[in-house]
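To keep things clear, I will list the structure first and then write my remarks on it.
There are 2 protein chains.
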Amino acid sequence: MPRASRKDSILEAALACFSEHGVEATTIEMIRDRSGASIGSLYHHFGNKERILAALYVAGTEAYHGFLQDAWQHVDGAQSAVETLVGSYIDWVGQNPDWARFLLHCRGRVEAGEQGDTLRQHNREHFLWIERQLKMYREQGLLRELPRDVFTALLIGPTQDYMRHWLAGRVQTPLEQCRPLLAQAAWMVVKT
Amino acid sequence: MPRASRKDSILEAALACFSEHGVEATTIEMIRDRSGASIGSLYHHFGNKERILAALYVAGTEAYHGFLQDAWQHVDGAQSAVETLVGSYIDWVGQNPDWARFLLHCRGRVEAGEQGDTLRQHNREHFLWIERQLKMYREQGLLRELPRDVFTALLIGPTQDYMRHWLAGRVQTPLEQCRPLLAQAAWMVVKT
DNA sequence: TTTAATTCTAGAAAAATATTCTATTTGTGA
DNA sequence: TCACAAATAGAATATTTTTCTAGAATTAAA
Chain A
1 MPRASRKDSI
11 LEAALACFSE
21 HGVEATTIEM
31 IRDRSGASIG
41 SLYHHFGNKE
51 RILAALYVAG
61 TEAYHGFLQD
71 AWQHVDGAQS
81 AVETLVGSYI
91 DWVGQNPDWA
101 RFLLHCRGRV
111 EAGEQGDTLR
121 QHNREHFLWI
131 ERQLKMYREQ
141 GLLRELPRDV
151 FTALLIGPTQ
161 DYMRHWLAGR
171 VQTPLEQCRP
181 LLAQAAWMVV
191 KT
Chain B
1 MPRASRKDSI
11 LEAALACFSE
21 HGVEATTIEM
31 IRDRSGASIG
41 SLYHHFGNKE
51 RILAALYVAG
61 TEAYHGFLQD
71 AWQHVDGAQS
81 AVETLVGSYI
91 DWVGQNPDWA
101 RFLLHCRGRV
111 EAGEQGDTLR
121 QHNREHFLWI
131 ERQLKMYREQ
141 GLLRELPRDV
151 FTALLIGPTQ
161 DYMRHWLAGR
171 VQTPLEQCRP
181 LLAQAAWMVV
191 KT
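For the protein sequence lines, the chains are A and B, in the order given. Taking UniProt numbering, the leading residue of the first sequence gets 1, the next gets one more, and so forth. Taking UniProt numbering, the leading residue of the second sequence gets 1, the next gets one more, and so forth.
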């Protein structure tokens, strides 16, 4: 296996800087110092600061999507599917707080930027993947008939909200305790 | 009534620029041009760019809190309270999309900045106000006993999630149609 | 293995942006 | 009217981002 490419080491350094100082406060120079790359190298690989953000964003969402799809192996039934959607989100954010903070913080910014379309395409595909997974349960009448966007909001909204507060250090209830509550509530509100 | 002060006109111009070009892309110069103020005046009133954001953020949250407290006049019973929390959020965001986009986009940034404590204090007070309003219903046993942070996430999480997507133009279901669905779901998941 | 082409790296130079500073003007109370 | 503070202006400075030119490393073809 090839060791981390220069490109990757720049991304890694960028995430570390963002976590440490916040996205707005980190300068190209800080990323240069931390990664050991030169300005020229940095701009060769990414072109500008915004595209560093975008690349990092895509890498993060892909990591999360992969995590979810791995967890999906053990899904067995509609309730288990809902529980996995909620639980995987909690687990991944819990295990990767720096990534998660970055993704939550920069979503709007990256979507508004030039890579917005790419990103939206990515997300749409992930969404469709979930749709395919739930199709069967829907056809069996196990899930409420709701506009798709409302369904999604009901299912994952509370969890996203909770984890956003957790990342900001605004909540005390330990994750292990919330997990079943949130999973159960999601199921309650989404089942027929 | 005094007409808009220079300070206010700067804030107004800033919000307009942010809505039009995004927060990251607007420069001090753009705000200067749009507001008609000079650089000196701008820095006299706010000190730096970050503090313009913070002031705008505080103004926005205050507007929303006021809106909610007005709507609270008509609350009558626990279900009505839940419905008002959800409905007011939808209404305010629907009527003030620029404000809402800005608030959602910048929360993390402002909280991480020097005004973070002030802001957190503000939010805590608002949160406590809601707590006081719900206390009675809680004592009557009408609301589920849950860790407070989980309760909040269940109540408002789906709505916040939905409105975030609405602001980004990612959903089609009209707000009038979602409103009762979200309110009803919130009540379902939060009532005893 | 040499050559040519391409990719990558480097850092100085330029451009864009944010902030400070000094001077003037405006308003306000004694 | 005078003294003083608050507000405004824009030039000067500092910081940060981006571009540009040149050289080093790598790859592929001959």
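Even for Gly, the Cβ is constructed at its ideal location relative to N, Cα and C. Only a predicted model underlies this, so the values are computations on that prediction, with no experimental measurement involved.
If the cut is a Cβ gap below 9 Å, which residues of chain B does residue i touch?
i: Tyr-162 (chain A); result: Asp-149, Val-150, Thr-152, Ala-153, Leu-154, Gly-157
Output yes if chain B places a C-beta closer than 8 Å to the C-beta of residue i; else output no.
i: Cys-17 (chain A); result: no
i: Val-189 (chain A); result: yes
i: Ala-59 (chain A); result: no
i: Cys-178 (chain A); result: yes
Cβ closer than 8 Å: which chain B residues qualify as neighbours of residue i?
i: Arg-109 (chain A); result: Gly-22, Val-23, Glu-24, His-105
i: Ala-78 (chain A); result: Near Ala-78 (chain A) there are no residues of chain B at all, since even the closest Cβ is about 18 Å away, more than 8 Å.
i: Ala-168 (chain A); result: Gly-108, Glu-111
Spatial neighbours of residue i within its chain, please: C-beta separation below 8 Å, excluding the five flanking residues on both sides.
i: Leu-182 (chain A); result: Val-86, Ile-90, Pro-158, Thr-159, Tyr-162
i: Leu-104 (chain B); result: Arg-164, Leu-167
i: Ile-28 (chain B); result: Ile-39, Leu-42, Lys-49
i: Glu-111 (chain B); result: Leu-119, Arg-120
i: Leu-11 (chain B); result: Ile-52, Ala-55, Leu-56, Ala-59
i: Ser-19 (chain A); result: Asp-98, Arg-101, Phe-102
Against chain A, does residue i count as a neighbour if the rule is that its beta carbon must be under 8 Å from one of theirs?
i: Thr-118 (chain B); result: no
i: Ala-100 (chain B); result: no
i: Ala-37 (chain B); result: no
i: Ala-185 (chain B); result: yes
i: Ala-14 (chain B); result: no
i: Ala-55 (chain B); result: no
i: residue 213 (chain B); result: Summary: the structure shown does not reach residue 213 (chain B), with chain B confined to residues 1 through 192, and so no result is reported for it.
i: Ala-4 (chain B); result: no
Could you tell me how far apart the beta carbons of residue i and residue j are, in whole angstroms, since I believe they sit closer than 8 Å?
i: Ala-78 (chain B); j: Leu-143 (chain B); result: 6 Å
i: Cys-178 (chain A); j: Val-150 (chain B); result: 6 Å
i: Thr-192 (chain A); j: Gly-141 (chain A); result: 6 Å
i: Ile-39 (chain B); j: Cys-17 (chain B); result: 15 Å between Cβ atoms; not a contact.
i: Ser-35 (chain B); j: Ser-9 (chain B); result: 5 Å
i: Phe-102 (chain A); j: Leu-15 (chain A); result: 6 Å
i: His-21 (chain A); j: His-65 (chain A); result: So it is not a contact: roughly 28 Å between Cβ atoms.
i: Ala-37 (chain B); j: Arg-6 (chain B); result: 6 Å
What does residue i touch in chain A if you count any residue whose Cβ is under 7 Å from its own?
i: Thr-173 (chain B); result: Pro-147, Asp-149, Val-150
i: Leu-143 (chain B); result: Correct list: empty, because the minimum Cβ distance to chain A is about 14 Å.
i: Leu-181 (chain B); result: Leu-146, Val-150
i: Val-75 (chain B); result: Going along chain A, no residue has its Cβ under 7 Å from Val-75 (chain B), so there is no contact; the nearest lies around 22 Å.
i: Ala-112 (chain B); result: Gly-22
Can you name, in chain order, every residue of its own chain whose Cβ lies under 7 Å from the Cβ of residue i, other than the five neighbours on each side?
i: residue 219 (chain A); result: Outside the shown range of chain A (1 to 192) lies residue 219 (chain A), about which nothing can therefore be said.
i: Leu-155 (chain A); result: Val-82, Leu-85, Ala-186, Val-190
i: Tyr-137 (chain A); result: Ala-78, Ala-81, Leu-143
i: Cys-106 (chain A); result: Val-23, Leu-53, Tyr-57
With a threshold of 6 Å on Cβ separation, who are the neighbours of residue i within its own chain once the five nearest residues in sequence on each side are excluded?
i: Val-75 (chain B); result: Ala-81, Thr-84
i: Met-1 (chain B); result: A caution first: Met-1 (chain B) carries a pLDDT of 38, below 50, which makes its placement in the model unreliable, though a value can still be read off. Closer than 6 Å at the Cβ level, and outside the excluded window around Met-1 (chain B), lies no residue.
i: Glu-50 (chain B); result: Gly-113
i: Gly-94 (chain B); result: Leu-175
Quick one: list the residues of chain A neighbouring residue i, beta-carbon separation under 9 Å, in chain order.
i: His-165 (chain B); result: Asp-149, Thr-152, Ala-153
Is the region 53 to 69 of chain A close to the region 113 to 133 of chain A, with three or more CB pairs under 8 Å? yes
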